[in-house]
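Following: one structure in structure tokens, then a few remarks.
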Amino acid sequence: MDSADPARAFVKDVKRIIIKVGTAVVTRGDGRLALGRMGSLCEQIRELTSQGFEVILVTSGAVGVGRQRLRYRKLINSSFADLQKPQGDLDGKACAAVGQNGLMALYDTLFSQLDVTSAQLMVTDNDFRDPDFRRQLNETVNSLLCLKVVPIFNENDAISTRKAPYEDSSGIFWDNDSLAALLAMELKADLLVLLSDVEGLYTGPPSDPQSELIHTYVKEKHEGLITFGDKSRVGRGGMTAKVKAAVYAAYAGIPVVITSGFANNNIIKALDGQRVGTLFHREAIKWASIGDFDAREMAVSARECARRLQTLSSQERSKILLDIADALEAKEEEILAENEADVAAAQQSGYENSLISRLAMKPGKISSLANSVRVLANMDEPVGRILKRTELADGIILEKTSSPLGVLLIIFESRPDALVQIASLAVRSGNGLLLKGGKEAKRSNAILHKVITSSIPPTVGERLIGLVTSREEIPELLKLDDVIDLVIPRGSNKLVSQIKAATKIPVLGHADGICHVFIDKSADLDMAKRIVLDAKTDYPAACNAMETLLVHEDLVQTGGLNDLILELQVKGVSLFGGPKASSVLSIPEANSFHHEYGALACTVEIVEDVNTAIEHIHRHGSAHTDSIITEDKEVAELFLRQVDSAAVLHNASTRFSDGFRFGLGAEVGISTSRIHARGPVGVEGLLTTRWLARGSGQVVDGDKEIVYTHRDLNLEA
Numbered sequence: 001m002d003s004a005d006p007a008r009a010f011v012k013d014v015k016r017i018i019i020k021v022g023t024a025v026v027t028r029g030d031g032r033l034a035l036g037r038m039g040s041l042c043e044q045i046r047e048l049t050s051q052g053f054e055v056i057l058v059t060s061g062a063v064g065v066g067r068q069r070l071r072y073r074k075l076i077n078s079s080f081a082d083l084q085k086p087q088g089d090l091d092g093k094a095c096a097a098v099g100q101n102g103l104m105a106l107y108d109t110l111f112s113q114l115d116v117t118s119a120q121l122m123v124t125d126n127d128f129r130d131p132d133f134r135r136q137l138n139e140t141v142n143s144l145l146c147l148k149v150v151p152i153f154n155e156n157d158a159i160s161t162r163k164a165p166y167e168d169s170s171g172i173f174w175d176n177d178s179l180a181a182l183l184a185m186e187l188k189a190d191l192l193v194l195l196s197d198v199e200g201l202y203t204g205p206p207s208d209p210q211s212e213l214i215h216t217y218v219k220e221k222h223e224g225l226i227t228f229g230d231k232s233r234v235g236r237g238g239m240t241a242k243v244k245a246a247v248y249a250a251y252a253g254i255p256v257v258i259t260s261g262f263a264n265n266n267i268i269k270a271l272d273g274q275r276v277g278t279l280f281h282r283e284a285i286k287w288a289s290i291g292d293f294d295a296r297e298m299a300v301s302a303r304e305c306a307r308r309l310q311t312l313s314s315q316e317r318s319k320i321l322l323d324i325a326d327a328l329e330a331k332e333e334e335i336l337a338e339n340e341a342d343v344a345a346a347q348q349s350g351y352e353n354s355l356i357s358r359l360a361m362k363p364g365k366i367s368s369l370a371n372s373v374r375v376l377a378n379m380d381e382p383v384g385r386i387l388k389r390t391e392l393a394d395g396i397i398l399e400k401t402s403s404p405l406g407v408l409l410i411i412f413e414s415r416p417d418a419l420v421q422i423a424s425l426a427v428r429s430g431n432g433l434l435l436k437g438g439k440e441a442k443r444s445n446a447i448l449h450k451v452i453t454s455s456i457p458p459t460v461g462e463r464l465i466g467l468v469t470s471r472e473e474i475p476e477l478l479k480l481d482d483v484i485d486l487v488i489p490r491g492s493n494k495l496v497s498q499i500k501a502a503t504k505i506p507v508l509g510h511a512d513g514i515c516h517v518f519i520d521k522s523a524d525l526d527m528a529k530r531i532v533l534d535a536k537t538d539y540p541a542a543c544n545a546m547e548t549l550l551v552h553e554d555l556v557q558t559g560g561l562n563d564l565i566l567e568l569q570v571k572g573v574s575l576f577g578g579p580k581a582s583s584v585l586s587i588p589e590a591n592s593f594h595h596e597y598g599a600l601a602c603t604v605e606i607v608e609d610v611n612t613a614i615e616h617i618h619r620h621g622s623a624h625t626d627s628i629i630t631e632d633k634e635v636a637e638l639f640l641r642q643v644d645s646a647a648v649l650h651n652a653s654t655r656f657s658d659g660f661r662f663g664l665g666a667e668v669g670i671s672t673s674r675i676h677a678r679g680p681v682g683v684e685g686l687l688t689t690r691w692l693a694r695g696s697g698q699v700v701d702g703d704k705e706i707v708y709t710h711r712d713l714n715l716e717a
């Protein structure tokens, strides 16, 4: 369970659970019992009881099962002439009496196969008017639970004083959903789970593509806004009845989850704290003020705030950034304390050293971050710049201008300093922002987010920058292609690939950081040693660290390679070779050339010349950053022109491939995409363009009266 998700934290105190299963779950479309789903339900209940939970089952389905059986019985007892007559409806109470017998027999068989004992308890609403009945009910249920028996409740529709099981909605309870809510309060349950034929409560009919699942129901927010579809194909009220019962129980203090009885293990998932279905809780309004459970609301709020940010002058936006920089330095002690707690927790949890290295904020980091924010504040205004002015025709001028993208979703792992860089770039570029950091940095991210948003003026709104605290929110965010304009994942190859596969929103990023350094035969070997050591050891976990060292074969013959290899080993770098290098240098052979170590390790291979090096990079690299060390200018130019990577360097470390070092102020990441932005992505990578036309009454009218000039104009009006 993600402990940062308050809406699911209640499960740690759950002991007694009431599970209500609806008719649509226990029966198939033809009215027969759904043996697979009932078997899965019984297996989940067995698992829960073995874990020490007390489970009470409230089941529907008797009337539906009875109707199917009586229809069959009536059919085989009818003459051909009888079948030609109009067929009236069967008596609901007779259906209930016949169906209850078969339903309970199946439960008994299924539970017996799992070595679980069950008990049947039939009730009517009139029973609950009697205080003695209610007292005896509690005693009986408590006795059964102590004996590890699963009580199975159903309304005794066969003898109920209602007109018919499907017609009368009066009384203390009016269906098995409200019976389950009543029992939850009467028997002091800790959780009520209502199983349905849909995933949970939606904003509209589940069949409507525009409808969205509501993860946490807030009565003050959702009541009156939800449009219900058709009621269940069987049973009495469908989702309307479930919501009414859920609100009834939740506001009496019992959490309720409405979820699908068709999906595997949803009850166990709910008790594990996973976000399944819709949660009803009387504290939900408090979580609503946090705003961490409604993905769409967060994205829409970020867009609205971004539009207000864009109305500010350049000086006003710069002041926000300067205030952020000052606030970071003022809160440095508090930020570092939270970061130290994250690092300690990561070490205790056994995280890899490379992750802990990215997580830790070293001395001077806050000051460095504050200075980078100030650099952004003092840069030329990036938004609204006129990039091109054209006279279309006499009296009509067209301008191409820079414009914010809209709302950005940044998903990053480990590095809390990335949050500061990304947030400041969003403010500078006029974009709204949603951030999801790794759980290992939750304390650092929370304090940094608080410090930054407290510096945003009320005229813009602190929800300009939203912090997503639960990983279960990500799939919902990735569906919001109508309100989120760009996703930038920063992290492992696995993370980036998963994000790309899960969304229609454009994704900007790189899946690997397999950076090469090629030492040509004409290289200054002292220079090569400095560059290679820096590229590998300055920050091994960085995506721009060298992962493969390519060496011209002539250097092997002259012995120039030996000193470099020895120096790497002295610095603690583990070396793995390609087929040639492993043989010549007597080092272990690498499993793959396409490997990002992210640690003090690298692959070494020997190549014939610069063309072979380029071919190797194209075959095994990730188009991120590659460098050549050579004194031959023609070879250098060949390498710079032909290596198809986002950043290509000559006689310089790959570690220079960075937004701050490139003079961008900061970066949201390094892109290996070939569309929009490539390499370190700063402010310009977060902008798009708009066209603004100023005319004087011109119309097209088939282009009869207009003479196009298409004359380029000075950018200054």
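Residue numbers for the sequence shown follow our numbering, so the first one is 1 and each next one is one higher.
In this text, a Cβ means the ideal position worked out from N, Cα and C, and glycines have one as well.
Note that the structure is predicted; figures quoted are calculated from it, not measured.
Bounding residues of the alpha helix (DSSP H) (the contiguous stretch that carries Y107): 92-113
Distance between M239 and K231 (C-alpha atoms, nearest Å): Here K231 scores only 46 on pLDDT, less than 50, and its place in the model should not be relied on; the value that follows carries that caveat. One C-alpha to the other measures close to 7 Å.
The alpha helix (DSSP H) enclosing E391, as first and last residue numbers: Unbroken run through E391 is the beta strand (DSSP E), 386-393; no alpha helix (DSSP H).
Any C-beta of chain C under 7 Å from that of E391: Looking for chain C here will not work: only one protein chain is present.
First and last residue of the uninterrupted beta strand (DSSP E) at R129: No beta strand (DSSP E) holds R129; DSSP gives it neither H nor E.
Contact set for L692: own chain, Cβ-Cβ below 7 Å, skip 5 residues either direction: E399, T401
Residues bridged to H650 [DSSP beta-bridge criterion]: I628
Whole runs of the alpha helix (DSSP H) within the region 458-514, excluding any shorter than 4 residues: 473-477, 493-501
Under 7 Å between C-beta atoms of L508 and S673: yes
Which listed residue (L555, M298, E596, K439) has its alpha carbon closest to that of E462: M298
Sequence-distant residues of the same chain with beta carbon closer than 7 Å to S414, five excluded per side: L355, R358, L359, G438, E440, A441
Delimiting residues of the beta strand (DSSP E) encompassing V149: 149-155
Rounded C-alpha distance that separates A181 from D482: 38 Å
Bridge partner(s) assigned by DSSP for C602: L575
CB of I19 within 7 Å of CB of V276, strictly: no
Supposed contact pair E634 and H616 - C-beta distance, whole angstroms, cut 8 Å: No, H616 and E634 are not in contact; Cβ-Cβ is about 20 Å, not under 8 Å.
Distance between beta carbons of V58 and L41, contact taken as under 8 Å: Actually they do not touch by this definition, with Cβ atoms about 12 Å apart.
I258, DSSP secondary structure in three states: strand
Backbone CA spacing between V25 and V198 [nearest angstrom]: 10 Å
Three-state class that DSSP yields for A119 in the structure shown: strand
Buried or exposed (CB count within 10 angstroms, at least 16 for buried), C146: exposed
Buried or exposed (CB count within 10 angstroms, at least 16 for buried), G685: buried
Local conformation of E54 per DSSP, three classes: strand
Integer-rounded CB distance, given that T49 should sit under 8 Å from V141: So it is not a contact: roughly 14 Å between Cβ atoms.
Segment contact flag, the region 643-650 with the region 621-633, C-beta cutoff 8 Å, min 3 pairs: yes
Per-residue burial, N154 [other beta carbons within 10 Å of its own, 16 or more giving buried]: buried
With 16 other Cβ atoms within 10 Å as the buried cut-off, status of Q348: exposed
Contacts around L279, its chain only, beta-carbon distance under 8 Å, and the 5 residues preceding and following it disregarded: A7, R8, H215, T216, Y217, P255, V256, V257
Distance between D712 and R389 (C-alpha atoms, nearest Å): 6 Å
Simplified DSSP state of E705, which is helix, strand or coil: coil
Segment contact flag, the region 472-486 with the region 515-524, C-beta cutoff 8 Å, min 3 pairs: no
Residue(s) in a DSSP beta bridge with S622: Its beta-bridge partners do not exist; DSSP assigns none.
Counted within 10 angstroms of its Cβ, other Cβ atoms place L566 as buried (16 or more) or exposed: exposed
For R37, the three-state DSSP class (helix, strand or coil): helix
Buried/exposed call for L464, threshold 16 Cβ in 10 Å: buried
Reduced DSSP secondary structure (H/G/I, E/B, other) of M239: helix
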